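Chemist:
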Amino acid sequence: MNYDHILIRYGELALKGKNRDAFENTLMRNVRIMLKDFPEIRVSRNYGRMYVQLNGADAQPILEILQRVFGISSISPVVKTKQTEEAIKETALQVISAIQPQPRTFRVETRRADKRYNIPSMEVSRRVGGYILRQLEGIKVDLHQPEAVVNIEIRTEGTFISSQTLPGPGGLPVGASGKVLLLLSGGIDSPVAGWMMLKRGVTLEAIHFHSYPFTSERSLEKVRDLAYKLTRYGGKIRLHVVPFTEIQTAIRDNCPEDYLITIMRRFMMRISERIAAQTNALALASGESLGQVASQTLESMNTINSVINIPILRPLIGMDKVEITEIARKIDTFDLSILPYEDCCTIFTPKSPVTRPKPEIAANFEAVLDIETLVENAVKGTVVEPIIGGKREAAVVDLF
Ligand code: ATP
Ligand code: MG
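Just so you know, we're using our numbering here: the sequence shown kicks off at 15 and counts up by one.
#1: Give the DSSP-derived three-state secondary structure of Tyr483 in the structure shown.
#2: Buried or exposed: which applies to Lys243, given that a residue is buried once 16 or more other Cβ atoms fall within 10 Å of its Cβ?
#3: Quick one: any contact between the stretch 201-220 and the stretch 157-166, if contact means 3 or more CB pairs under 8 Å?
#4: Check whether the Cβ of Gly201 sits closer than 7 Å to any heavy atom of the ligand MG, and report yes or no.
#5: In angstroms with no decimal places, state the Cα-to-Cα distance between His158 and Ile22.
#6: Since Thr363 and Ser314 are thought to touch, with beta carbons under 8 Å apart, how far apart are those beta carbons, to the nearest angstrom?
#7: If you measure from the CB of Gln310, is any heavy atom of the ligand ATP nearer than 7 Å?
#8: Which whole-angstrom value describes the C-beta separation of Val109 and Ser177, a residue pair presumed to lie in contact below a C-beta threshold of 8 Å?
#9: Give a yes or no on whether 8 Å exceeds the smallest Cβ distance from Met15 to chain C.
#10: Regarding Phe37 and the ligand ATP, is the C-beta to nearest heavy atom distance less than 7 Å?
#11: May I have a chain-ordered list of the beta strand (DSSP E) segments no shorter than 3 residues that lie completely inside the stretch 223-269?
#12: Tell me whether Gln108 sits in a helix, a strand or coil according to DSSP, three-state version.
#13: Please identify the residue among Glu123, Phe281, Gly144 and Tyr355 whose C-alpha is closest to the C-alpha of Lys386.
#14: Where Met136 and Met64 are concerned, what is the direct C-alpha to C-alpha distance, given to the nearest angstrom?
#15: With a threshold of 7 Å (Cβ to nearest heavy atom), would Met282 be considered close to the ligand ATP?
#16: Is the beta carbon of Leu330 sitting closer than 8 Å to the one on Glu302?
#17: To the nearest angstrom, how far is it from the Cα of Ile153 to the Cα of Val92?
#18: Jot down the residue ranges of each uninterrupted alpha helix (DSSP H) in the stretch 368-407, minimum 4 residues, whole runs only, in chain order.
#19: Return yes when the C-beta of His158 is under 7 Å from any heavy atom of the ligand ATP, and no when it is not.
#20: Measuring alpha carbon to alpha carbon, tell me which residue in Pro373, Glu99, Thr95 and Lys103 is nearest Thr173.
#21: Distance check for Val122 and Gly305, CA to CA, integer angstroms please.
#22: Contact defined as beta carbons within less than 8 Å: I believe Arg238 pairs with Leu218. What is the distance between those atoms, to the nearest angstrom?
#23: Give the DSSP-derived three-state secondary structure of Tyr24 in the structure shown.
#24: According to the Cβ coordinates, are Glu260 and Leu388 closer than 8 Å?
#25: Leaving aside the five residues before and after Gly395 along the sequence, list all residues of the same chain whose C-beta is less than 8 Å from its C-beta, in chain order.
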């Protein structure tokens, strides 16, 4: 079937009243960015619907990309036709005839947004259904559980006919909700946390703490690859790579073993808060989930948080590992995340980290360190790398 357009529906946006125009513009911009490798297409919108005019481009790869664009509730490849009964009948017949193998049962569903077309939608469905029944042998109408549904949308900008509706990812368009700085490790959780933040419409920047030579260049490459995977959902992501060796060494040499992780995380927070301020991010986000490991108890989170004022969002807080892993597989970060790597936490993992650290005790142990200078040096040494979606996939495969 030669589909000439893809019709995009976006449910949640309709609820947003006044902001709707801004949301729609953001979504349209994102659709254009994600489809930048298809120069022949045109994207337009009109009263609650968006269209990709294919101009000869293959619909399949475009449908796959659109299924990752947050804010989209569903998509359909459609054929645009004239607003006449003849044209609608003929096109509907072509659309259903193209389904292989021919369905045994069908139903026609009509939505008439343009009331200038004066046949009521039920009547349109009835007439088109009757026409299909006369033209195709061995097919029957089933209103309840049909094998095929022919959708007709009669609108001012055109009449669109389809037989296929694919779910979109839902959520809000990236860029509609401000900016968040994601603490991105090489693990399973934080990329999933990033994806969940993107789903709520935030723009992401990512920060990663790197302890070269305790951690290898390869482990950093893996974090870049994970950030790259996230760009498939959110466009460009800036990755802030923080040199963390000096701080980790200072902590290891001067602080008691059971508080190493707590103090290390407090430094991560302090540095993240400053980078967030520099980049206008209004919150941090992490992949923590309550009780998952020793550093993720309430006491621990409280002790770690108490050195900063910026909110820290934890989209995975109520999820267990099985649920998180399921999403990691779905968004295609899992295989990367489980590659063996040394992360800056495992290098310094003490035998028995404290599970109920106290802010006053952590502060006492830290007092021997020149906190301000250490933080300042790390912020100064931070390198910003723009991670841009594109043709990196092949490189990822080659690397490992
Ligand atoms: P993940 O799978 O995301 O690494 P985790 O279950 O291994 O999480 P931790 O290692 O305790 O948990 O880390 C908790 C959170 O702290 C991570 O989800 C991430 O947001 C952040 N984090 C940990 N290490 C780093 C790092 N080297 N750079 C940036 N953020 C980090
Ligand atoms: Mg980790």
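All residues carry an ideal CB built from backbone N, CA and C; glycine is no exception. All figures in this text were calculated on a predicted structure; none of them were measured in a lab.
Modeler: Well, looking at it:
#1: Only positions 15 to 414 of the chain appear in this structure, which leaves residue 483 out of reach.
#2: buried
#3: Taking 8 Å as the limit for Cβ pairs, the verdict is that the stretch 157-166 does not touch the stretch 201-220.
#4: yes
#5: 25 Å
#6: About 14 Å separates the two Cβ atoms, so there is no contact after all.
#7: yes
#8: 5 Å between Cβ atoms; contact.
#9: Absent here is chain C; the protein component of the structure consists of one chain.
#10: no
#11: If only complete runs of 3 or more residues are kept, the stretch 223-269 shows the beta strand (DSSP E) at 251-257, in order along the chain.
#12: helix
#13: Per the sequence shown, residue 386 should be read as Glu rather than Lys. Nearest C-alpha to Glu386: Phe281.
#14: 24 Å
#15: yes
#16: Yes, these two residues count as a Cβ contact at 8 Å.
#17: 22 Å
#18: 373-380 and 385-394
#19: no
#20: Taking only the C-alpha atoms, the option nearest Thr173 is Thr95.
#21: 51 Å
#22: Arg238 to Leu218, Cβ: 14 Å. No contact.
#23: coil
#24: Yes, Cβ-Cβ distance for Glu260 and Leu388 is below 8 Å.
#25: Val256 and Pro257
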